[in-house]
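Offset between the sequence shown (1-based) and our numbering: plus 93.
Note that beta-carbon positions come from the ideal geometry of N, C-alpha and C, so glycine has one too.
All values reported here derive from a predicted model rather than from experimental measurement.
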Amino acid sequence: SDGDNQYSNAYSLLSSPHDASCYQIAVRLEENSRGGSRFLHQQVKVGDRLTISTPNNLFALIPSARKHLFIAGGIVITPFLSHMAELQHSDVDWQLHYCSRNPESCAFRDELVQHPQAEKVHLHHSSTGTRLELARLLADIEPGTHVYTCGPEALNEAVRSEA
Numbered sequence: 094s095d096g097d098n099q100y101s102n103a104y105s106l107l108s109s110p111h112d113a114s115c116y117q118i119a120v121r122l123e124e125n126s127r128g129g130s131r132f133l134h135q136q137v138k139v140g141d142r143l144t145i146s147t148p149n150n151l152f153a154l155i156p157s158a159r160k161h162l163f164i165a166g167g168i169v170i171t172p173f174l175s176h177m178a179e180l181q182h183s184d185v186d187w188q189l190h191y192c193s194r195n196p197e198s199c200a201f202r203d204e205l206v207q208h209p210q211a212e213k214v215h216l217h218h219s220s221t222g223t224r225l226e227l228a229r230l231l232a233d234i235e236p237g238t239h240v241y242t243c244g245p246e247a248l249n250e251a252v253r254s255e256a
């Protein structure tokens, strides 16, 4: 809370869901913030104590999937970072396709290109001509693959219509 103001927002955990010792989140400062992102960016300092609730996973991995195909756009890469951490030590295959306008707007770019399984990470930037060929990607998915999408509504709708 901030004086008399209380903020309640849901944020994606970036850290592994198996590590409850700390929670790592990413919050982009929004110009038209209701207060949450502005509060976290401008008032919260290292060492401050915040009241949080128990994590509630509304975007969980499907345990029966033989492969996970993640399609992300914009800042909404965050839910997939914890999925990647969870799958890093499993035998289940996965692949990430992350779309952004340009390399500079690619959130967590350094972490993604240096990921231990970076060969499964595919970055697509419209400014460099490496746009995601969604129809082609989804036409070739293997049986047992579960497709997840998180991003701007136009991307989510395109995935739904192609899948």
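Euclidean distance between Cα positions of residue i and residue j
| i | j | result |
| --- | --- | --- |
| S105 | V214 | 19 Å |
| A158 | N249 | 20 Å |
| E257 | L230 | Residue 257 falls outside the range modelled here, since the chain spans only 94 to 256, and no answer is possible. |
| G244 | A165 | 5 Å |
| A232 | A153 | 24 Å |
| T242 | P172 | 10 Å |
| A251 | S220 | 19 Å |
| G128 | R194 | 27 Å |
| V240 | A103 | 23 Å |
| P156 | L174 | 17 Å |
| Q207 | Q135 | 30 Å |
Residue i, buried or exposed, once every other Cβ within 10 Å from all chains shown has been counted against 16
| i | result |
| --- | --- |
| C192 | buried |
| H111 | exposed |
| L151 | exposed |
| S101 | exposed |
| S114 | exposed |
| P236 | exposed |
| H182 | exposed |
| L189 | buried |
| I170 | buried |
CB of residue i within 7 Å of CB of residue j, strictly
| i | j | result |
| --- | --- | --- |
| Q117 | L107 | yes |
| T238 | L180 | no |
| E246 | L227 | no |
| I168 | R202 | no |
| V225 | H217 | The sequence shown places Leu at residue 225, rather than the Val named in the question. Going by C-beta atoms, L225 is nearer than 7 Å to H217. |
| K160 | D186 | yes |
| S109 | A211 | no |
Beta-bridge pairing of residue i - partner residues as DSSP gives them
| i | result |
| --- | --- |
| V240 | L162 |
| V169 | Partner(s): none; V169 has no beta bridge. |
| H259 | Missing from the structure shown is residue 259; the chain here goes from 94 to 256 and no further. |
| C115 | Beta-bridge pairing links C115 to no other residue. |
| D186 | K160 |
| L216 | Y191 |
| L151 | Answer by DSSP bridge pairing: none, since L151 is not bridged. |
| L106 | I118 |
Residue i CB to nearest heavy atom of the ligand ATP below 6 Å
| i | result |
| --- | --- |
| M177 | This structure does not include the ligand ATP; it has no bound ligands of any sort. |
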